[in-house]
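The working numbering puts the sequence shown at residues 29 to 340. Reading through the structure tokens given below for one structure.
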Amino acid sequence: MSNQICINNVFCNYKSHYLITFAVLLFVSHPVSSAPIDSVKADMQFNEAELLDAPTNTGWSRKANIIMGAAARGDATPSWWVPHNSEYKSQSVWNAIIPWFHIYPGTAHAANNVRVKISGLKLYILKKSTNQWSKINGDNLPIWAFHTNHISPSTVSQEVDVRMEPNGSPSYKFNSGLNPIHGGTNKYVINGYDVKAVFAQVTTQLILDDPTGPDDRADAQILVSIGADYYPTTAHSVADFTPMTHLPSVGASRYGLARNTHRTHYFATIDPPGPTNTQSEHQYRPHFVIPIAEFESNPPPVLINQSGGACN
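Structure, rendered in structure tokens:
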């Protein structure tokens, strides 16, 4: 009997060890930790600080927003967007997209010797046909930037102060009027019929404008939002949509604070749980966002194996 008990105990101990080892390996092999997913969900919530002189009648001045979402078509544009050409409000599919960022000062911003370095601007689309994410942009480098007329309309026409850093990334500095800076890449061709979800990310870092000058980054309060716009084709420009002066966005992340260390900001057409859900005017809301559970089970490949430190 004692030998039998011993044998059984050895077997049970071996079995328990095997099960524990298997469970550990299964956990370790899970492609995405909770940290990057949590960061994505957080970036689709409220802004991290109050924006300086931002309009009070807009959703983006308070939080992330989803406007057209995964509905790349004219009738997914909001009711306030009314170009003269009614074709742009039809069911016609839009087959181009452009990722962008917006750099904005907070109400407590007081630094003078600071710039925002932008890198890793990435855009992915989840395709309906394959349920796989496809990377859209190749070079990841912003090629245009202009001031928006918030805060100081009289200085909006000034050229943006952009500088290429030694690593090849551009950095941006506010002008004297603290006009926000809007920048992005080329337009990219997509299949508008095949869009199930959109994901974008960008990495920021506060650096010194004059490396020999005082380091006043502790006095900086600079926030960045990442988003994207659809276009009917890559040949279209804003001038085609008169009297509208801009396009409604796919959506945009919250405004998150840039830091002295690298920080990645995320946008995704997900529907976060809780009372802070973003809203859109599109009548087919269930079709242009995906549930968080689906996003978590099938995340964009860029999130795989990212550590929490790289995401925040």
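Heads up, the beta-carbon is just placed ideally off N, CA and C, and yes, glycines get one too. A quick note: this is a predicted structure, and the numbers were derived from the prediction, not measured.
Hey, would you say residue i sits closer than 9 Å to residue j, going by beta carbons?
i: T232; j: K145; result: yes
i: D71; j: N141; result: no
i: L234; j: R143; result: yes
i: Y258; j: L236; result: no
i: I318; j: H293; result: no
i: Y132; j: P239; result: no
i: F316; j: G102; result: no
i: K155; j: S162; result: yes
i: L342; j: A228; result: Because residue 342 is not part of the residues shown, which for the chain are 29 to 340, the question remains open.
i: V110; j: M272; result: yes
i: A256; j: L151; result: yes
i: A104; j: T261; result: no
i: Y216; j: N159; result: no
i: T183; j: S204; result: yes
i: P222; j: A138; result: The question names Pro, but residue 222 in the sequence shown is Asp. No. Outside cutoff.
Which whole-angstrom value is the C-beta distance of residue i and residue j, which I expect to be below 8 Å?
i: R291; j: F74; result: Incorrect: roughly 17 Å between the Cβ atoms, too far for contact.
i: A100; j: V121; result: 6 Å
i: F129; j: G212; result: 7 Å
i: L251; j: A77; result: 6 Å
Provide the residue(s) that pair with residue i in DSSP beta bridges, ordered along the chain.
i: D257; result: I126, S277
i: A209; result: One point to set straight first is that residue 209 is Ile, not Ala, in the sequence displayed. Answer is I131, H175.
i: D299; result: P319
i: M192; result: P198
i: G284; result: V252
i: W266; result: Here the sequence assigns Val to residue 266, which means Trp is not the residue at that position. Bridge partners of V266: none, in fact.
i: W161; result: L154
i: V217; result: A124
i: N91; result: Looking at the sequence provided, one finds Lys at residue 91 rather than Asn. Paired residue(s): F74.
Could you give the residue range of the alpha helix (DSSP H) that holds residue i?
i: A63; result: 62 to 70
i: A228; result: First-last for A228: 223 to 236, but that is the beta strand (DSSP E), not the alpha helix (DSSP H).
i: F323; result: 320 to 325
When burial is assigned at 16 or more other CB atoms within 10 Å of the CB, is residue i buried or exposed?
i: I179; result: buried
i: H112; result: exposed
i: P106; result: exposed
i: P328; result: buried
i: P303; result: The pLDDT assigned to P303 is 38, lower than 50, so where the model puts this residue is not dependable, and the model offers no usable value.
i: F202; result: buried
i: Y200; result: buried
i: L53; result: Residue confidence for L53 is low, a pLDDT of 38 falling below 50, so the modelled location carries little weight; the figure read from the coordinates is stated next. Flag for L53 reads exposed.
i: W88; result: buried
i: I171; result: exposed
i: Y116; result: buried
i: T289; result: exposed
i: G241; result: exposed
So residue i is in the beta strand (DSSP E); what residue range does that whole segment cover?
i: S199; result: 198 to 201
i: I179; result: No beta strand (DSSP E) holds I179; DSSP gives it neither H nor E.
i: A99; result: Careful: A99 lies outside any beta strand (DSSP E) and carries neither H nor E.
i: H293; result: 291 to 296
i: I146; result: 142 to 155
For residue i and chain C, any beta-carbon pair shorter than 9 Å?
i: I209; result: This model lacks chain C altogether; it includes just one protein chain.
Between residue i and the ligand PLP, is the CB less than 8 Å from at least one heavy atom?
i: G211; result: The ligand PLP is absent from the structure shown, which contains no ligand whatsoever.
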